[in-house]
Each structure stands twice: as structure tokens, then as C-alpha cells.
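There are 2 protein chains.
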Amino acid sequence: MTEKVWRIGVAGLGTVGAGLIKFIQARPDFVPATGVRVEIAGVSARSRSRKRDIDISTYTWFDDPVALAQSPDIDLLVELVGGSDGPAKAAVEAALKAGKPVVTANKALIAEHGLELAKLAEEKGVPLLFEAAVMGGAPAVKFVREAMLGDDLQAISGILNGTCNYILSTMEQTGASFADVLAEAQRLGYAEADPTADVGGFDTAHKITILAALAFGGAPNYAAAEISGIDTVELIDIRMAHDLGYRIKLIASAERGEGGASVRVAPQLVPLTHPLAQAMGSLNALFIEGACVGRLFLQGPGAGEGPTAAAVSADIADVIAGAVRPVFQGPAAGLAPLPAARDAGWHGKAYIRLLVRDRPGVIAAVSEALAKAEVSIDSILQRPVDDTGQVPIVLTTQPASEAAVKDALSHIADLDAAVEPPRMFRIAHV
Amino acid sequence: MTEKVWRIGVAGLGTVGAGLIKFIQARPDFVPATGVRVEIAGVSARSRSRKRDIDISTYTWFDDPVALAQSPDIDLLVELVGGSDGPAKAAVEAALKAGKPVVTANKALIAEHGLELAKLAEEKGVPLLFEAAVMGGAPAVKFVREAMLGDDLQAISGILNGTCNYILSTMEQTGASFADVLAEAQRLGYAEADPTADVGGFDTAHKITILAALAFGGAPNYAAAEISGIDTVELIDIRMAHDLGYRIKLIASAERGEGGASVRVAPQLVPLTHPLAQAMGSLNALFIEGACVGRLFLQGPGAGEGPTAAAVSADIADVIAGAVRPVFQGPAAGLAPLPAARDAGWHGKAYIRLLVRDRPGVIAAVSEALAKAEVSIDSILQRPVDDTGQVPIVLTTQPASEAAVKDALSHIADLDAAVEPPRMFRIAHV
Chain A
1 MTEKVWRIGV AGLGTVGAGL IKFIQARPDF VPATGVRVEI AGVSARSRSR
51 KRDIDISTYT WFDDPVALAQ SPDIDLLVEL VGGSDGPAKA AVEAALKAGK
101 PVVTANKALI AEHGLELAKL AEEKGVPLLF EAAVMGGAPA VKFVREAMLG
151 DDLQAISGIL NGTCNYILST MEQTGASFAD VLAEAQRLGY AEADPTADVG
201 GFDTAHKITI LAALAFGGAP NYAAAEISGI DTVELIDIRM AHDLGYRIKL
251 IASAERGEGG ASVRVAPQLV PLTHPLAQAM GSLNALFIEG ACVGRLFLQG
301 PGAGEGPTAA AVSADIADVI AGAVRPVFQG PAAGLAPLPA ARDAGWHGKA
351 YIRLLVRDRP GVIAAVSEAL AKAEVSIDSI LQRPVDDTGQ VPIVLTTQPA
401 SEAAVKDALS HIADLDAAVE PPRMFRIAHV
Chain B
1001 MTEKVWRIGV AGLGTVGAGL IKFIQARPDF VPATGVRVEI AGVSARSRSR
1051 KRDIDISTYT WFDDPVALAQ SPDIDLLVEL VGGSDGPAKA AVEAALKAGK
1101 PVVTANKALI AEHGLELAKL AEEKGVPLLF EAAVMGGAPA VKFVREAMLG
1151 DDLQAISGIL NGTCNYILST MEQTGASFAD VLAEAQRLGY AEADPTADVG
1201 GFDTAHKITI LAALAFGGAP NYAAAEISGI DTVELIDIRM AHDLGYRIKL
1251 IASAERGEGG ASVRVAPQLV PLTHPLAQAM GSLNALFIEG ACVGRLFLQG
1301 PGAGEGPTAA AVSADIADVI AGAVRPVFQG PAAGLAPLPA ARDAGWHGKA
1351 YIRLLVRDRP GVIAAVSEAL AKAEVSIDSI LQRPVDDTGQ VPIVLTTQPA
1401 SEAAVKDALS HIADLDAAVE PPRMFRIAHV
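Chains as they are written, first to last, in the numbering used here: chain A, 1 to 430; chain B, 1001 to 1430.
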């Protein structure tokens, strides 16, 4: 029997690319079908001469990832360049146009251009897979796309960015500030030199946008996501939250709503006993709730060479297995970006922290500001006054509408005693 | 465009069969491909007239599931009859021989006859899928077979039987005895009239046997599994374990060892803070550890109409997607039953409970018995003497070999003061 060789082109030789090459070098026959072997045939990256811990000298080098995608010596393109546009998009388009399957780890690309690429892939009848884009080696995409298919999914929520989770966990464990922990994470290579995509919540938003599309049957609609990052979380919030029985996590959530879905990324307070609160360090964790299946929970390392390379490899094996599925849930020609739900914002409890000048009647004034907005107070914590004469006050509210909480915040900000605008995080309803 | 209709035959109309029929009646177009529709064409069950909450009057009735499997009006057989032999096996074989794909929820069948059926399926070139056999709607099979494929898996451990987990959880929460909780579970329909398969650990063993085969690249080898059930767990053990910081769970585990794998089912003490200890009621939970991927955790409802029907539906969608994969990890023609590892048993801490006549020197005698076996004591708990004059003593050991612990147990059993043979559970190394 003749052995069928699949010739892989790898565009992008960073951590994941190197991991993939090691994986395939170690296990060229990892696809469990008779007579199939996978080999790396060509590679492309920004710098050919950069020091790497893998030997790439036997692979054909391409300066241009588009040329790699178009090369007749390549059967399948793995895109690990990153970025929603530029060379990553150009290479993926070139491969699909040439009728070649594409496997990518690029969440920005799929979240921002998923529909357009899915249309192209389906016109050409080739798969476009992106398991590694969400939760590294934990198969979140396969989960929602294949295992919960047909179920009436209601909600997804979880922790999808290991860098943010590492920063929040380390702040809690060491008592260091956000800035110090971020700097240390950058030094260790856990955070990028420009950390905006991670700490600003944008990476998380790309990921939840993809999962929401798969869960609720639309194309990704990144523009509709509401995004707040962790750069507003201070050590005092982490400590106050802990005293109240919560841990602050960057929570991605997608809920079915009227006419579409609400997709949000924001720091939230999660009860200490909840599994999402217990996912520490760089772990990712995800709840998926379906009408038939009930609540499923998936947890694993969200990034890193090994996990992400394993996810890419699983996608390569899926391409070779030859399943014919649409890129999202339903043929791309009939899909539209998943609309934002037409509901009036979230509803739930909130944590509010304010800094006020210590003077008689401050608590009364704060209470009054909340009462004016018809928001009831659940608990209040006041810290001892330090020598600045400024007092942090933390309060939690009874369940209220987003509009009412925002109204209360504006009344609080207007108080004479207020030193800075109040900080607000939702208390997760999990 | 002509619509392609897949005509499904359902053998077995219990809880899962009824759930599947409801699912497909509600969502005939759940497969997200263009122009594919799924319809139930024929059904078979033991009793045609039994009262059911679904309407089956429009489906062709077959008294014999083999005739259903062979019917020219059926494109795909769903086997939900259950049992490792008899009509379930006959129907699955008949369908495969007729070149028809089979989807089954039958763990006993796959664990005990998986290799033989896989060979038949692969000779005929048709898929044989069994996602619903393990963890209900949580995609454990897809996880190990597709998502962690190619990774060097090291160990799997988890809770795979909802009935046992419900019984142990309820004993802890209500303080009722094993017998009382079992009787109540039977009354509520959570446990079978003959509970042996569940409480004896055999159902769990079928499931871990299947996962071990997929994880470690062999065919299922049910005969090699070491099995203990929860019928040896008494309320006093649950309470004593709790006082020591543990919860007793029926743990299924599979570990790579010399020349094969160690596959075990037994009640074990799990630290209260561990995710496996926190999976209460009928939840199932699973850790999978791979060299590349790291530790993944999956949790969900392990059984029930909705979850299991969703898993069967996902398999039907996979059949229709047309992926060509071997039934296990590698072509069945080249597989052998996964051998038992040639190692000398487990190594770890143990919990030992004994009942002795209260007399001076008993603790000294017990210590001596352990010392003779070279097992060191980690902690001892002795309860106050009641009016029977018999004292329960609970001790935990330092890590020791299985042989040494068993040696210690035989010395303890030989003590004059011993009222009954000592009870031993492992403390999970998780």
C-alpha cells in the first residue's frame, strides 16, 4: 500500500510554530489512519536567521507566507503568524483560493474576518479549522461545534486569557500591584511587550466572539462585543473582594438574548467556592450551558507551546480524516454576523469602590446617591482612614439593572466628597 | 438542490431512546450541512405497547432489532438496547455487516467486544461511534480520540458513574446508610432494580476500559481492569474521611505502566479541595494528562435523557460529516487488547479502618502489625467506646506499596482484638 504523505507548510515560527514542528518531527504518524504520514515541507517567518531550538534547515524556506501558501509542494497551510490582517490574512486567503485546507491558531483573524474566510473556504470546499485559537489544548471549539451541536445552547462563560488570569492570581498571592506583576510577567515572557491585547480584554473578546458564533449559530461579530480589561483592577479590589468572599477574574460571557446574543468581557467577582474562582495562574476554564446537555465544564492550560501545538495537530488530523462540515454552524453563504441582543444590558449585583474624603455624613450621602437610582445596598466595607484623609469605601448592591447601577455611579461621582470616579465590577451570576 | 435524508433506526426505547426521538423530532435539521435532514424511520424495543411520552406510531415497528438493522429502509442504526451480548450485539453486528454506520451508547458492548466490532466496521468501511457510552453529554470519547490524538497520554482519572456519585454524596449529606440511600435512589429511578453494575463498579470499569484503549492505543481490555465497588463504603468511612480532610469517591483510573496500562476502579479518598471531590450528586468528572497538552479537566452530567440523547445526536452528525477514522486509535486489524502493565501494583497512601475489642495495648498491637509490614502510620483517629465494647480505629499510612499495605492488613486481621477484617481504601494521588 502506498503511503499518503501530507505536506504541511508552517507560516510563523514563534512558540507555537516551534512546538508544532517538534510535535510532527517526533510523531510523523500521529494520524491514526492506515498509511498516512505528515511532514513539514515548507516554513516561513519574519526572520530566517533568528536562533531557534528546532532544526529548520531541511525545510524549504519562504520569505513570504503567501508564496508558501501557494507553493505546489504544500498540501495544507498552518497559519501561526497572528494578527487580524496583514500577512496572516493574505496567506490564509491564498491557501484557500488555491483549494488548500487551512489550520490556524489566529483568534483575531477568525473573530474579525471569520465569515469572509468561511465563505471562501466553503466555495472551494476545503476545511478551515481553528481549535488552537481558543483555550490552547483544551478543545473548546470542537466542544461547541461538534459535541454540543444541535443542542439549544443558552450561555457560555469562562476565563479565556491565561496572561490576565496569571496577573490577577499573582497580585492576590504576592500582594504586588498590577504594574509590578505585569512587568514581571513581561520579563518572564508570560506577557507581550505590548500587553494591550491581553490586559485590555481584546484577546479574550476575540475568543468569546468565536465561541458565541459557534454556540448561537451566526458568524463571529467582534464589533458587537462589550470589552473591559483588567487594567482597572487594583490590589485593593482584589483584597476587598476576598474579604467579601469573592475572587476577581476576567470573565468572558455570551448569553442568548432577544434577537441575538450579549457578548461581554469584563473583570467580575466570582464566589471563592466556584470552579471559575479556583482556576488559578494561567489556567483557562469554561462553562457551557445547553438545554439538553446541561452544564459542562472544561478546564486546561490556555496557552503554551505544548497545548497549542497539540490543538493544531488535532486539527491537522481532522483535515486528514476528511469530515465535511461548515466552518461555523451552518453554511457560510447563509450566515450573518451574530447580532447583539436587543436587551437593556445586564442585570445583577455589583461591587462599587469609591475613594472619598473622610468627613461626617459621607456614608449617608453615598447611600442617598444609590437610593436615588433605586439601587439597594447589600453590604458596605469601610477601611480605616490613613493619613491622607481619604477613605476607600466598598459596597455591594442587591441585583439591579445595568442602567440603574450606572445611574448610581454617576450620582456617586457627583458627590462633593468623591476624590475619584467610583470603580464598579459586576458580581458574576454563575 | 435535493435534500439528503438520513433514515435512522432506533433499537431500544428507554430513557435515552425517548430522549433521542424527542431531540430529532424537534430538530430534524440539527446537522449543520446544506440539505441534510435526519428522520427516524424504524424503531424496536422489548414492548410495543409500553406507555411512553413520545409518539412512535408513525415509525415502522420491528419486534427484532436485527431485522431493524437489516431493513433496507434504515441508513444508520442507533443501538440503545444495552448489555454486552444478546440482541444489542446481534443488532450492531447485523448493521455493520450490512455496511451501515452504527451509533451506540452501550459501554458494556464496546468494552467487552470493541475489537471484534471495530474489525467488522473497518472491513466494511463504516463508522462505529460511541460518545454516549462515557460521561453522557460530556464529550469524553471525542476528547481523547480526536482532541488529544497524537499526544503522549500519561493518565486518566475521574468519576464516571453518576449513580455511585449520587449515593456517596447523599450518604454524606443526609447521614443515611448505603442501603437506605440505594433503596431511595431505586425508588426515584436513579438506580436500577438490580444495582450491581453501578454499585459494584462494573459500569465504571466498562467506561474507563474504553477511555484507556483510546488513550493508550490498544483495544478495550475489560478483563484486565481491577474492580471494587462502593458497597464496601460505610457511613463511618465517609465521616472519618471528612474529619481527615477527604471525601470518598468511586475513582476510575488508567495509568500508563510497563508494557501496558493499569486500569482500576475503586473507592478512594480525595482531598476535599480537589475538583474531583467537589463533583457532587450525579456529576461526572475527568482529568486527562498528556505530555503536550498538560492536565485537562472535563465535567458534566453523566447520564440522563437530555445529555445522552445529545451525545448520540452528535455522533449521528459526525457520521454524516463523513470523517474516516479508525474506531480506536489505529486500524483495528493491527490492534490487540491493551495489556495490563507489568508493575507491582499501586504505590501510595492508604486509609485503614478496623473494629477492635477495647482492651489495653490494642493501638500498640496495631502499630506493631503495620511495622511488621514496614508501613508507617501517618495519622490515627480513635472514636469513643460505645456500650458494645468495640472501638473503630481509623488510620492513614505514609506512601507504601500495595503489597506492603496488603501485608499489613493481613497482620491486622490476625490480631486477637480484631472483630472483623479491616477495611482499606486508597488515598488518591491526584
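The beta-carbon is built from N, C-alpha and C at its ideal position, and this holds for glycine as well.
Buried/exposed call for S177 of chain A, threshold 16 Cβ in 10 Å: It is exposed - the Cβ of S177 of chain A has fewer than 16 other Cβ atoms within 10 Å.
Taking only beta carbons into account, state which residues of the stretch 293–311 of chain A come closer than 8 Å to chain B, listed in chain order. Cβ proximity to chain B below 8 Å picks out V293, G294, R295, L296, F297, L298, Q299, G300, P301, G304, G306, P307, A309, A310 and A311 from the stretch 293–311 of chain A.
Does any residue of chain A bring its CB to less than 7 Å from the CB of P1337 of chain B? So, not an interface residue.
Would you kindly report the start and end of the unbroken alpha helix (DSSP H) that includes F216 of chain A? Where F216 of chain A is concerned, the enclosing alpha helix (DSSP H) starts and stops at F202 to F216.
Which runs of the beta strand (DSSP E) spanning at least 3 residues fall entirely within the stretch 1030–1096 of chain B, listed in chain order? Every beta strand (DSSP E) stretch that sits fully inside the stretch 1030–1096 of chain B and reaches 3 residues is listed by chain position as 1036–1044, 1060–1062 and 1076–1079.
In DSSP terms, what A261 of chain A is bridged to: BP columns for A261 of chain A point to A:R256 and A:A340.
Collapsed DSSP secondary structure at M1 of chain A in the structure displayed: Only weak support is given to the placement of M1 of chain A: the predicted model assigns it a pLDDT of 49, under 50, and the question is left unresolved by the model.
H1242 of chain B by DSSP, collapsed to three states: which one? Helix, per DSSP.
Secondary structure at G348 of chain A, three-state DSSP: helix, strand or coil? Reduced to three states, the DSSP call for G348 of chain A is strand.
Can you tell me the Cα-Cα spacing of K439 of chain A and I54 of chain A, whole angstroms? An answer regarding residue 439 of chain A cannot be provided, because it is not within the stretch 1 to 430 covered by chain A.
Going along chain A, which residues have a C-beta under 8 Å from V1440 of chain B? Residue coverage of chain B in this structure runs from 1001 to 1430, which leaves residue 1440 of chain B outside it and unanswerable.
Give me the Cα-Cα distance between M1001 of chain B and G1300 of chain B, rounded to the nearest whole angstrom. Confidence is the limiting factor: at M1001 of chain B the pLDDT is only 49, short of 50, which leaves the residue's position unreliable, though a coordinate-based value still follows. Distance between the alpha carbons of M1001 of chain B and G1300 of chain B is about 39 Å.
Which of helix, strand or coil does DSSP assign to G281 of chain A? DSSP, reduced to helix, strand and coil, places G281 of chain A outside both helices and strands of the structure shown, so it counts as coil.
Residues of chain A with a CB under 8 Å from the CB of L999 of chain B: which are they? This structure cannot speak to residue 999 of chain B, because chain B is shown only from 1001 to 1430.
Which residues in chain A have a C-beta closer than 9 Å to the C-beta of E1146 of chain B? List them in chain order. Near E1146 of chain B (Cβ distances below 9 Å), the residues of chain A are P139, K142, E146, A314, A317, D318 and A321.
Can you find the residues in the same chain that come closer than 7 Å, C-beta to C-beta, to D1407 of chain B, ignoring five residues on each side of it along the sequence? Excluding five sequence positions before and after D1407 of chain B, the CB atoms of its chain that fall closer than 7 Å to its own CB belong to A1373, given in chain order.
So the candidates are A:T209, A:I208, A:T163 and A:I110; which of them puts its Cα closest to the Cα of E192 of chain A? Comparing Cα positions, the closest option is A:T163.
Under the three-state reduction of DSSP, which class applies to P1301 of chain B: helix, strand or coil? Of the three classes helix, strand and coil, the one that applies to P1301 of chain B here is strand, per DSSP.
Counting only Cβ pairs nearer than 9 Å, list the residues of chain B close to Q329 of chain A. What Q329 of chain A touches in chain B: P1032.
Kindly give me the distance between the Cβ atoms of L1439 of chain B and L1128 of chain B, rounded to whole angstroms, as I take these residues to be in contact under 8 Å. Given a span of 1001 to 1430 for chain B in the structure shown, any question on residue 1439 of chain B remains unanswerable.
Hey, how far is the Cα of A88 of chain A from the Cα of L250 of chain A? The straight-line gap separating the alpha-carbon atoms of A88 of chain A and L250 of chain A is approximately 28 Å.
In this structure, how does DSSP classify G12 of chain A when only helix, strand and coil are distinguished? Here G12 of chain A sits in coil by DSSP.
So is L1149 of chain B in contact with chain A if we call contact Cβ pairs under 7 Å? Closer than 7 Å: yes.
Tell me the DSSP secondary structure of L160 of chain A in three-state form. In this structure, L160 of chain A counts as coil in the three-state DSSP scheme.
Measure how close the beta-carbons of Q329 of chain A and V356 of chain A come, nearest whole angstrom, since I'm counting them as under 8 Å. With a Cβ gap of about 50 Å, Q329 of chain A and V356 of chain A do not count as contacting.
Which two residues bound the contiguous alpha helix (DSSP H) that contains L1409 of chain B? The continuous alpha helix (DSSP H) containing L1409 of chain B extends over residues E1402 to A1413.
Ordered along the chain, which non-local residues of its own chain (more than five positions away) have a Cβ less than 7 Å from that of K1004 of chain B? Short of 7 Å from the beta carbon of K1004 of chain B, and not among the five residues preceding or following it, lie these beta carbons of its own chain, in chain order: G1035 and V1036.
Applying a beta-carbon distance threshold of less than 8 Å, which residues of chain B neighbour F23 of chain A? Ordered by position in chain B, the residues that pass the 8 Å Cβ test against F23 of chain A are G1150 and C1292.
In chain B, which residues lie with their C-beta within 7 Å of the C-beta of R27 of chain A? Those within 7 Å of R27 of chain A in chain B are G1150.
Looking only at its chain, what residues have a beta carbon closer than 8 Å to the beta carbon of V66 of chain A, apart from the 5 residues adjacent to it on each side? P87, A90, A91 and A94, listed in sequence order.
Taking the DSSP output, what are the residues bridged to K219 of chain A? Correcting the residue type first, residue 219 of chain A is Ala in the shown sequence and not Lys. Paired residue(s): A:P337.
Closest residue to R1256 of chain B among B:T1209, B:G1245 and B:I1238 (Cα-Cα distance): Distances from the alpha-carbon of R1256 of chain B to those of B:T1209, B:G1245 and B:I1238 put B:T1209 closest.
Write down the C-beta distance between P1321 of chain B and A309 of chain A rounded to the nearest angstrom, noting that I regard them as a contact closer than 8 Å. It should be pointed out that residue 1321 of chain B corresponds to Ala in this sequence rather than to Pro. The Cβ separation is near 25 Å, so there is no contact.
How many whole angstroms separate the CB atoms of A341 of chain A and G290 of chain A, which I take to be in contact at a CB cut-off of 8 Å? Not confirmed; about 18 Å, so no contact.
Identify whether F1130 of chain B lies in helix, strand or coil by the three-state DSSP scheme. F1130 of chain B: coil per DSSP, three-state reduction.
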